[in-house]
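Notes follow once the structure below has been shown.
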Amino acid sequence: MPRTLVTGIAATAVATVLLTGSGAVSATATATVPREPHATDVHRVRIQDDFDSLGPEVRGMKLDSGRTAHYIDEGPRDGKPVLYLGGTGTSARVAHMTDFLRSTRESLGLRLISVERNGFGDTEFDKSLGKADFAKDALQVLDRIGVRKVSVVAISGGGPYAAELASLAPDRVQSLHLAAALPPYGAKRPYCSMSDEELGKSLEKQIADPRVWWAFPDDSPTKRIPGFADTAFEDGARTYNQRGQKSDPAPQVHEQKLYCQRPGPDLSKLTAPVTIYSGKKDTTVPPSTIDTWKEHLPGDPAVRSYADSGHDVQYRHWDQILVDLAGHTDRTVICYRGHSSMPPARIADPLVEKGRATLGSCAWQKSDGDGPVD
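Positions 5 to 378 (the numbering used here) are the ones given, in order, by the sequence shown.
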């Protein structure tokens, strides 16, 4: 740099101090002027040839019973099929709430299928139907779309339906994954002693306002996922209002009463591997239910228990569940040195124990999530 230019900049700095009493040098003397907001240069623009996804499409299928099943079928036709059984009070489209890891799911080659339950979303309510009816309907949907064996993942209130399906058609289940899943065994819930009218009254305000139904605690990991809360609220509104049912509690009451039925289905003929996922802070489906499941499952199911989760373990560790669904149960998803990977557990687990890696995608370490709604 020419000496005359250096001298000029120094003089400008001195003048600034004398005139303002500040040591700050004029921006024009130390930095370039920020660029004005602008669109991408025309020569760098790429106009897409295909539409971006707005989430799964709900389809209707007329069954042999005369009923219409509503379902989604997302992913490659030759991908590994997964039957997603959402929690209570959810629609066929609830699997969209896991699309924050959609790229990982697609990379693993998974085909995600979900069948809507009685009275929710687009599906008409029939109070005469039970869990076995749903299992038969789901199996018929799988038959029609060309799926024989399927890995099943059950979330929360999807647990009793997963058990019913595994009992009815154990040979169709390739693997079973129970994530914060309610068991249809053991002690009944306190509400089981309530009348339908009393239970409906107690649920009215929750199902009328999806923000209440889908409320997670302030420390929930789901708060880090951009758009998660709004996606949950949308599914709540769809579940209870899609057909103009105006938040009628009858389907919800019916489903919750089905959870009270004992004894639960016989799983003794199930030979598929089972993995149980539990959050140590879960008060809805507490860790004690792990033993309840174990008492009724054959063999020795694998257990993944997490101290960082409550009744949201199915979202916080969805990355690990996806890897397990793909058949890689010997691997652990970790964030190591700023990159996400799935090394063998014998390598990953010691890194986590020593604090050199964290469980799950690196996205969990850097995402700010949703802001508050005023």
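Each residue gets a CB set at the ideal place from its N, CA and C atoms; glycine is no exception.
Check whether the Cβ atoms of Phe138 and Arg121 lie closer than 8 Å to each other. yes
Close Cβ partners of His315 (< 6 Å) along its chain, the five nearest in sequence each way excluded: Ala184, Asp286, Thr288
C-alpha distance - Gly27 paired with Arg39, whole-angstrom precision: Reliability of the predicted coordinates at Gly27 is poor, the pLDDT of 42 falling under 50, and no value is obtained from them.
With distances taken from CA atoms, which of Asp53, Ala158, Ser118, Val216 is nearest Asp141? Ser118
Where Tyr195 falls: helix, strand or coil (DSSP): helix
Here's the rule I'm using: 16 or more other beta-carbon atoms within 10 Å means buried, otherwise exposed. How should Lys284 be labelled? exposed
Suppose only complete runs of 4+ residues qualify. What are the alpha helix (DSSP H) ranges in the region 120–206, listed by chain order? 135–148, 163–172
How is Ser365 classed by DSSP in three states: helix, strand or coil? coil
What does a CB cutoff of less than 7 Å around Pro80 pick up in its chain, not counting 5 residues either side in sequence? Gly113, Arg115
Is DSSP giving Asp243 helix, strand or coil here? As written in the sequence, residue 243 is Thr, which differs from the Asp given in the question. Looking at Thr243 - three-state DSSP - the assignment turns out to be helix.
Residue environment, Thr3, which counts as buried when at least 16 other CB atoms sit within 10 Å: For residue 3 there is no data in the structure shown, the boundaries of the chain being 5 and 378.
My guess is that Thr279 and Pro305 are in contact by the Cβ rule of under 8 Å, so how many angstroms apart are they, rounded? 6 Å
What are the residues that DSSP puts in a beta bridge with Asp77? Ile117
Would Ile229 be called buried (16 or more neighbouring beta carbons within 10 Å of its own) or exposed? buried
Is the beta carbon of Val156 less than 8 Å from the beta carbon of Val177? yes
contact_flag[the region 232–248, the region 99–113] where n(CB pairs < 8 Å) is 3 or more: yes
Give the DSSP-derived three-state secondary structure of His343 in the structure shown. strand
Find the nearest neighbour of Leu292 within the set Glu168, Gln318, Phe104, Gly190, judged by alpha-carbon distance. The sequence as given places Ser at residue 292; Leu does not occur at that position. Looking at the Cα atoms, Gly190 is the closest of the given residues.
Counted within 10 angstroms of its Cβ, other Cβ atoms place Glu61 as buried (16 or more) or exposed: exposed
Comparing C-alpha positions only, which one of Ile149, Val37, Leu180, Ile338 sits nearest to Leu355? Ile338
Looking at the unbroken alpha helix (DSSP H) that takes in Ala354, where does it start and where does it end? The sequence given here has Pro at residue 354, not Ala. Note, Pro354: alpha helix (DSSP H), 349–357.
Can you list, in chain order, the residues of its chain with a C-beta nearer than 6 Å to that of Leu87? Leave out the 5 residues immediately preceding and following it. Ile117, Val154, Val156
Is the beta carbon of Gln256 less than 8 Å from the beta carbon of Pro188? no
Whole angstroms are fine: how far does the CA of Tyr340 sit from the CA of Ala367? 12 Å
From this set, Pro85, Asn245, Leu207, Pro269, which residue's C-alpha is nearest Leu143's C-alpha? Pro85
Would you grab the beta carbon distance between Ala361 and Gly268 for me? Rounded to a whole angstrom, and I think it's under 8 Å. Not a contact, Cβ separation roughly 38 Å.
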